[in-house]
Each structure stands twice: as structure tokens, then as C-alpha cells.
Ligand SMILES: C[S@@+](CC[C@H](N)C(=O)[O-])C[C@H]1O[C@@H](n2cnc3c(N)ncnc32)[C@H](O)[C@@H]1O
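Numbering (the numbering used here), first residue to last: 75 to 417.
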């Protein structure tokens, strides 16, 4: 297989090759670009009924779910027993409650970028919905936007961008690790969004995004983003656009900010988002003793009423409360945003 040839993998894989009628052509740099045109169920268009070849999310609980590829004759094991695809899933509505062979049940959900992010096979560190939501907003992404991204990694952010820019926008995503580029393209085909994305297998710092002056926004999640700022500027439209770089370390941020300044970007600012979640738990709390009620004050301390009053203030009671989980997600990375203006 040639380096950069993402399509070659697709022609030998199941069930992607059945549905992904890929077209390819060579770019000026000699790399291959892959695209295909598809109809039917996809991550960007809702369809009601589960079909052979679909991706679905088997939901056992909010902290227990996984993706499956639906196949005639296929089976999926869960702790509640087996799910038989042909009889239990195909032809049923997404969102259905499915009874497993041991009598327990699961929900079978339509895949969304949000669900994909928490269920996808990790090939790299990925971005999660907290950062993704800020990136989408601050890059001003909308249907029709053209976006350049690097690296593709596990495709977590890519799926979210694709859903936002659909049906008329496009994502150009650059990944220099060949297997990751191929796997991402395979997943885009399987999720029927490959007509909205072009995967390039090359080094963004050396070769850029393979497009010039067409992007509304650029996103970087690579170890040395400062080396790609010149290419990002070139990829953005002449009239300007937005850029975002995600970096875990502040030293990376410093070098990126300097590079952004050198290339004439304005409105440079860096932020970090810290998410605080709460679990709802039943907790036992001691009833506080606020002392005697006002009307009891005039009474003798030995009266029955007074004794009853003070004893009702004691003991424990059960409450529903929001409590922090034992392990919370801390620092993920810094998000640096900037604007390319008319210059
Ligand atoms: C942290 S992962 C990106 C994860 C991605 N944002 C996601 O949400 O799934 C970083 C990726 O960038 C790729 N990468 C690093 N440097 C690169 C470069 N110079 N050109 C292209 N890809 C690069 C790596 O191979 C890796 O897959």
C-alpha cells in the first residue's frame, strides 16, 4: 500500500467497502485524497429503523455502553445475555428497549458524535464534549463551514465538526500516522459521513493541509502547533477566519502564541475549561440542633413539650444530594484561539 493512499484499505475491508463507493484522485503533492457519495443512515441524518451495517450504541447505563456494528446473523454479548442482531435489532426502532437472553434489557441508541466520543476505540488521546463544545462555538462553526484539522487522531473531534458543518460544509483532516488516517477514513465511511470529509496522510508541519485560502477555521491538536501556524494561515480564507490550538502544556501554548503573533493573528487568547459534575446520591445527614423553638423559651426546661422539642431535633435523616464523584476529570489542555483578519 502506498503511503497516503487511504482508499486502498477500504477496498479490502468489510463491510465498509460494500457501502463506501470511494472515488480518489491525486493531489499536486502526490498524496491521495478520498471521497465518496453515500445515501441511507448516517451520523448527520437521523433514520428511524435499525438496518444491517448500521453502527448502534448498546446502552446498559449512563456509565456503561459500547458501539456495535449491526450484522445479519451477528450476536452481541452483554452481562444481561445475548442480543441477536437479526431478530432483536434489525427492523426495530433506534431507542428501543431490547430484552437480552437472560431477561435483562438494554437500550439500542442512534449514534451521535456525543455518544461516539465516549464510546469510540481509542487510538490516541481524544477531545471530549466539554472542550469540543467550546471549540465549536469559538471557531464559529455552522452548516457550510470549511474546516481544516490536524491531527485526526481517533476522530472524536472530527465527528463533531462534520455534524456541525453538514450538509454543505467540509472537513479537511490531516494525520501523519498512516494506520490512524486509514482507520479514521474507514470509520467515516462506516458512519456515512465520508462525503463531508477529506483525510490526508501527511505531516501538517511540513506539508500543510493540502488546501489554500478556503478554510473558515483551523484546529490543531498536535505536539508542535507553532510549526503549523504558517500553513494554517495559508489554509484560511483571504478575508480571514478563526484558529484554535489545543495543548496540554503551558510551554506549548507560549510558543504557539508567539507564532500566532508573528504571523499577524489577532485576538489571541487562551483558556482552560474545568468541568465539575455531580452524582445524585442518597446521603444520611445528622439533623442539626438549632436550639429550642421561640415559643418554648418561656416554658420550664422540665416540661414535656420542651423535652419533645429537643428530641425531635436529633437523629439522622436521609436526603437526596448532589455529590462530587470520587475521581473528577482535572486539567485536559489549554485552548488558544485567534483571528486571522484582513492583513
Ligand atoms: C491527540 S491526537 C488528536 C486527537 C483528536 N483531536 C481526537 O479528538 O480524536 C494527535 C494526533 O496528531 C497526529 N500528529 C502529530 N503530529 C502531527 C503532524 N505534524 N502532522 C499530522 N499529524 C500529526 C498524531 O499522530 C495523533 O494521531
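Glycine residues also receive a C-beta, built at the ideal position from the N, C-alpha and C atoms.
Give me the Cα-Cα distance between residue i and residue j, rounded to the nearest whole angstrom.
i: residue 345; j: residue 326; result: 13 angstroms
i: residue 306; j: residue 222; result: 8 angstroms
i: residue 283; j: residue 300; result: 15 angstroms
i: residue 358; j: residue 171; result: 34 angstroms
i: residue 287; j: residue 328; result: 26 angstroms
i: residue 413; j: residue 347; result: 20 angstroms
i: residue 184; j: residue 260; result: 19 angstroms
i: residue 124; j: residue 246; result: 30 angstroms
i: residue 207; j: residue 158; result: 36 angstroms
i: residue 107; j: residue 398; result: Interpretation of residue 107 is limited by its pLDDT of 42, a score under 50 that renders its predicted location unreliable; the figure taken from the coordinates is listed afterwards. Residue 107 and residue 398: Cα-Cα distance of roughly 46 angstroms.
i: residue 256; j: residue 391; result: 57 angstroms
i: residue 67; j: residue 304; result: The requested residue 67 does not occur in the structure, where the chain is confined to residues 75 to 417.
i: residue 404; j: residue 163; result: 38 angstroms
i: residue 233; j: residue 337; result: 29 angstroms
i: residue 312; j: residue 340; result: 15 angstroms
i: residue 237; j: residue 298; result: 27 angstroms
i: residue 351; j: residue 402; result: 8 angstroms
i: residue 324; j: residue 143; result: 40 angstroms
i: residue 179; j: residue 147; result: 20 angstroms
i: residue 271; j: residue 361; result: 59 angstroms
i: residue 231; j: residue 197; result: 13 angstroms
Are the C-beta atoms of residue i and some chain C residue less than 8 angstroms apart?
i: residue 341; result: Going by chain labels, chain C is absent from the structure shown, which holds only one protein chain.
Say yes only if the C-beta of residue i is nearer than 7 angstroms to one or more non-hydrogen atoms of ligand 1, and no if none qualify.
i: residue 254; result: yes
i: residue 231; result: yes
i: residue 122; result: no
i: residue 199; result: yes
i: residue 308; result: no
i: residue 217; result: no
i: residue 224; result: yes
i: residue 318; result: no
i: residue 405; result: no
i: residue 250; result: yes
Thinking residue i and residue j are a contact (beta carbons under 8 angstroms), I'd like their distance in whole angstroms, please.
i: residue 320; j: residue 290; result: Their Cβ separation, rounded to whole angstroms, is 18 angstroms, which puts residue 320 and residue 290 out of contact at 8 angstroms.
i: residue 218; j: residue 248; result: So it is not a contact: roughly 21 angstroms between Cβ atoms.
i: residue 407; j: residue 322; result: 4 angstroms
i: residue 251; j: residue 117; result: With 8 angstroms as the limit, residue 251 and residue 117 do not qualify as a contact, their Cβ atoms being about 23 angstroms apart.
i: residue 141; j: residue 129; result: 6 angstroms
At 4 residues or longer, and completely inside the segment 310-377: list those alpha helix (DSSP H) runs for me, N to C. 324-336
Please give the ranges of any alpha helix (DSSP H) in the segment 251-313, keeping only runs that are unbroken, at least 4 residues long and fully inside the region. 252-264, 278-281 and 303-309
In chain order, which alpha helix (DSSP H) runs of at least 4 residues are fully inside the segment 172-197? 187-193
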